[in-house]
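Residue numbers (the numbering used here): 3 to 239.
Where is the CB? At the ideal position from N, CA and C, for every residue including glycine.
This structure is a prediction, so every number in the text was calculated from the model and none was measured.
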């Protein structure tokens, strides 16, 4: 174990993928409480941002027991916000579904990064119940900041990817929110979500970095008309 710690302090000085990859293979060859603590301490070392991301993703390859260890750390009052945010994302990558019941608690934090990571994880792991949580955050009456509200819409898209049967339910919520939304950012993120679910071009484009372009006002009008027609036709069936 001491050798792992010494080697970690050495590899912090490089961004080499090969060096980091070989080290992480050694780190993951151990699976016990002692190594979880060491790996967790490495997660809390953010001096090398590239290594930090790789170390976080490496923990996501560990067992469910390791996930329970991390969840306990996230719930510890002494754990700092940056670590809680990292843990939430790692548990999401692990598909550690026990986290879901704690998300409402973490959403109450004042730290925006924690709340943002919660939204992302709800998209990865959520179902119909979690769509309702996202809808409350997306709502124009929500006190949440705009970019997190917008990500609540795209998180619904992610849930739809995993639960195609929720298509109409999600679209109905997006439709109502779009009618009353005033934020251009949130409008744009709702529209790109609707585009993907309907598989229709409504005037906006999203690149690989998630950047959105196009005339939002025109796209909103088109989206509302399209959804109105969609639900009118559904009611005929």
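Expected contact under 8 Å - CB spacing of residue i and residue j to nearest Å
{"i": "residue 124", "j": "residue 149", "result": "15 Å between Cβ atoms; not a contact."}
{"i": "residue 45", "j": "residue 57", "result": "6 Å"}
{"i": "residue 102", "j": "residue 146", "result": "Contact doesn't hold; Cβ gap of about 19 Å is too wide."}
{"i": "residue 130", "j": "residue 168", "result": "6 Å"}
{"i": "residue 87", "j": "residue 116", "result": "5 Å"}
Length of the line joining the Cα atoms of residue i and residue j
{"i": "residue 114", "j": "residue 156", "result": "17 Å"}
{"i": "residue 205", "j": "residue 152", "result": "18 Å"}
{"i": "residue 184", "j": "residue 142", "result": "8 Å"}
{"i": "residue 76", "j": "residue 85", "result": "7 Å"}
{"i": "residue 12", "j": "residue 68", "result": "25 Å"}
{"i": "residue 176", "j": "residue 196", "result": "7 Å"}
{"i": "residue 80", "j": "residue 100", "result": "21 Å"}
{"i": "residue 42", "j": "residue 121", "result": "23 Å"}
{"i": "residue 210", "j": "residue 16", "result": "28 Å"}
{"i": "residue 118", "j": "residue 136", "result": "11 Å"}
{"i": "residue 154", "j": "residue 199", "result": "15 Å"}
Simplified DSSP assignment, three categories, for residue i
{"i": "residue 208", "result": "strand"}
{"i": "residue 85", "result": "helix"}
{"i": "residue 65", "result": "coil"}
{"i": "residue 154", "result": "helix"}
{"i": "residue 215", "result": "strand"}
{"i": "residue 146", "result": "coil"}
{"i": "residue 174", "result": "helix"}
{"i": "residue 222", "result": "helix"}
Buried/exposed call for residue i, threshold 16 Cβ in 10 Å
{"i": "residue 29", "result": "buried"}
{"i": "residue 61", "result": "buried"}
{"i": "residue 160", "result": "buried"}
{"i": "residue 236", "result": "exposed"}
{"i": "residue 107", "result": "exposed"}
The alpha helix (DSSP H) enclosing residue i, as first and last residue numbers
{"i": "residue 36", "result": "35-45"}
{"i": "residue 132", "result": "130-140"}
{"i": "residue 193", "result": "186-200"}
{"i": "residue 108", "result": "105-108"}
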